[in-house]
Amino acid sequence: MEFFSEMNAWHWLILGVVLLILEMLGAAGFLLGIGVGALLTALIAAVLGGMSWQAQLLCFAVLSVAATWLYWARFRHINEATDQPLLNSVEARLLGKEALVLEDMSANKGRVQIGDSLWVIEAEEDYPANTKVKVVAVDGMTLKVEAQQ
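The UniProt record's numbering puts the first residue of the sequence shown at 1, with every later residue one more than the last.
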């Protein structure tokens with residue numbers, strides 16, 4: 001407990017700088033609020049001087065929570081806006097797509113080409129080559145299709 005009673009602004013400054021350096025090494029924002037809280041506590045401890053260690057810890061806790069909340073409130077939506085919302089959703093991108101069966105289907109299985117990819121397809125009946133089909137479901141790497149008129 002003696003260490004706590006001797007805490008001053010330098011301790012908080014060092015803690016804040018170390019936490020921010022660790023944040024720069026890749027903590028993805030987890031240490032940013034705590035580091036800022038430590039730096040602000042260092043500033044307050046330097047300005048006020050003679051703060052008890054309990055007051056310093058309380059100040060650090062409150063400022064860390066506030067800085068973390070401000071960071072979270074400001075940046076939580078930064079990666080949500082995109083011009084391609086279906087980029088990583090194969091199912092959403094493929095549903096409703098139309099393609100031609102590449103070869104006569106057998107055992108209700110065949111192949112189609114959508115974009116630059118060849119896909120295995122399943123249907124309730126066999127379709128001849130060049131039949132226009134529409135993707136109605138995605139099951140892993142297999143597309144469920146129905147014939148289009």
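Quick reminder that beta carbons are idealized off the backbone N, C-alpha and C, glycines included.
Is it true that the stretch 5-15 meets the stretch 34-49, where meeting means three or more beta-carbon pairs spaced less than 8 Å apart?
Touching, yes.
Ends of the beta strand (DSSP E) at Q113?
From DSSP, the beta strand (DSSP E) with Q113 extends over 109-114.
Excluding five sequence neighbours on each side, which residues of the same chain lie with their C-beta closer than 6 Å to the C-beta of M105?
So the qualifying residues of the chain are D126, Y127.
Between W10 and A42, what straight-line distance do the alpha-carbon atoms span, to the nearest angstrom?
So the two alpha carbons sit approximately 7 Å from each other.
When the Cα atoms are used, what is the spatial distance from A147 to V133?
Spanning the two alpha carbons is a distance of roughly 4 Å.
May I have the straight-line CA-CA distance separating D83 from A92, to the nearest angstrom?
Using only the alpha carbons, I get a separation of about 15 Å.
My parser needs the alpha helix (DSSP H) runs of 4 or more residues fully inside the stretch 5-51; what are they?
DSSP runs (the alpha helix (DSSP H)) wholly in the stretch 5-51: 9-24, 32-48.
Return helix, strand or coil for A99, following the three-state DSSP convention.
A99 falls in the strand class under three-state DSSP.
Is the number of C-beta pairs between the stretch 19-34 and the stretch 68-75 that are closer than 8 Å three or more?
The stretch 19-34 vs the stretch 68-75: in contact.
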